[in-house]
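In full-length UniProt numbering, the protein residues as written are 1 to 251.
Idealized CB from N, CA, C, for every residue including glycine.
Put into structure tokens, the structure is as follows:
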């Protein structure tokens, strides 16, 4: 008797968008078949029939696979895996640090410290192009690695005041960006990073469990929607002793 292994499929009750689920399933299958780049992956029509969805989430999933370097398309031939699969650093996917660390087999958890509405500061007015009277949604989050604080983030979003997710809702999906897409139809597609070394303030040292003025790595990110509208700003403060930022440049 031949045993047939069922292929993984999507979870329609999940808060994760369908195209993201499909993309992650396809990435896992591409990685499992690493080395075989001569055969194209399933066609749009085959994926529609497999996942029982419309073409829209299939096309979005395939587009992101191309954008992230997992596959390439040849006209009239199909979509093929690349010869050398990319390694996705956490900065390549906004809101993906926790999942990235877990994928490396590390014990990583996060805690939403607070969710609140605040008036914009002068600096944020300049960054986001808003008025001092405009309210911003602010989320404070602490990420732990092996039970020890690793990163403290503060994310400011200029969104509708009726978007008020609870701490529990955010922790369930690990990313406020997924909730924003699901509930408001707003997709944050790009982040522009600015990275610098700094010394920890008293508040940063308290959250990260380090000494005041200890070195930290600070990443400030401007967040943009698909139509290139700036919608938010995030400051992430990392323990310098546990975090290294690696990147490659090509000539």
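Query                                                                                                                                                    : Result
With a CB to CB cut of under 6 angstroms and the five nearest residues on each side skipped, what residues in its chain are close to residue 204?        : 237
Can you grab the Cα-Cα spacing for the pair residue 159 / residue 97, in whole Å?                                                                        : 23 angstroms
Which residue from 48, 155, 241, 7 puts its Cα closest to that of residue 200?                                                                           : 241
Near residue 167, what residues of its chain come up, given a Cβ to Cβ distance below 7 angstroms and the 5 sequence neighbours on each side ignored?    : 112, 115
Based on the DSSP secondary-structure assignment, which residues constitute the bridge partners of residue 196?                                          : 218
Is residue 157 helix, strand or coil by DSSP?                                                                                                            : strand
Identify the residues that DSSP records as bridge partners of residue 118: which are they?                                                               : 136
Would you call the CB atoms of residue 149 and residue 142 closer than 9 angstroms?                                                                      : yes
If you measure between the beta carbons of residue 43 and residue 69, is that distance less than 9 angstroms?                                            : no
I'd like the ranges of any alpha helix (DSSP H) spanning at least 4 consecutive residues and lying wholly in the UniProt domain "HTH gntR-type" (16-84). : 18-32, 44-51, 55-67
Return helix, strand or coil for residue 88, following the three-state DSSP convention.                                                                  : Only weak support exists for where residue 88 lies, its pLDDT of 49 falling under 50; the coordinates are left without a value.
Is residue 131 buried or exposed, if buried means 16 or more other CB atoms sit within 10 Å of its CB?                                                   : exposed
Which two residues bound the contiguous beta strand (DSSP E) that contains residue 235?                                                                  : 230-239
Does the beta-carbon distance from residue 80 to residue 39 come in below 9 angstroms?                                                                   : yes
Based on DSSP bridge pairs, tell me the residues matched to residue 223.                                                                                 : 191, 232
I'd like to confirm the pairing. Which residues does DSSP put opposite residue 125 in its beta bridges?                                                  : Residue 125 pairs with nothing; no bridge assigned.
From residue 119 to residue 169, what does the alpha carbon distance come to, in whole angstroms?                                                        : 23 angstroms
Consult DSSP for residue 210 and reduce its assignment to one of helix, strand or coil.                                                                  : coil
Tell me the rounded alpha-carbon separation between residue 273 and residue 226.                                                                         : Residue 273 cannot be examined here, being either before or after the span of the chain that is shown, 1 to 251.
Where does the unbroken alpha helix (DSSP H) through residue 178 begin, and where does it stop?                                                          : 176-184
To the nearest angstrom, how far is it from the Cα of residue 198 to the Cα of residue 217?                                                              : 6 angstroms
Do the CB positions of residue 235 and residue 154 come within less than 9 angstroms of each other?                                                      : yes
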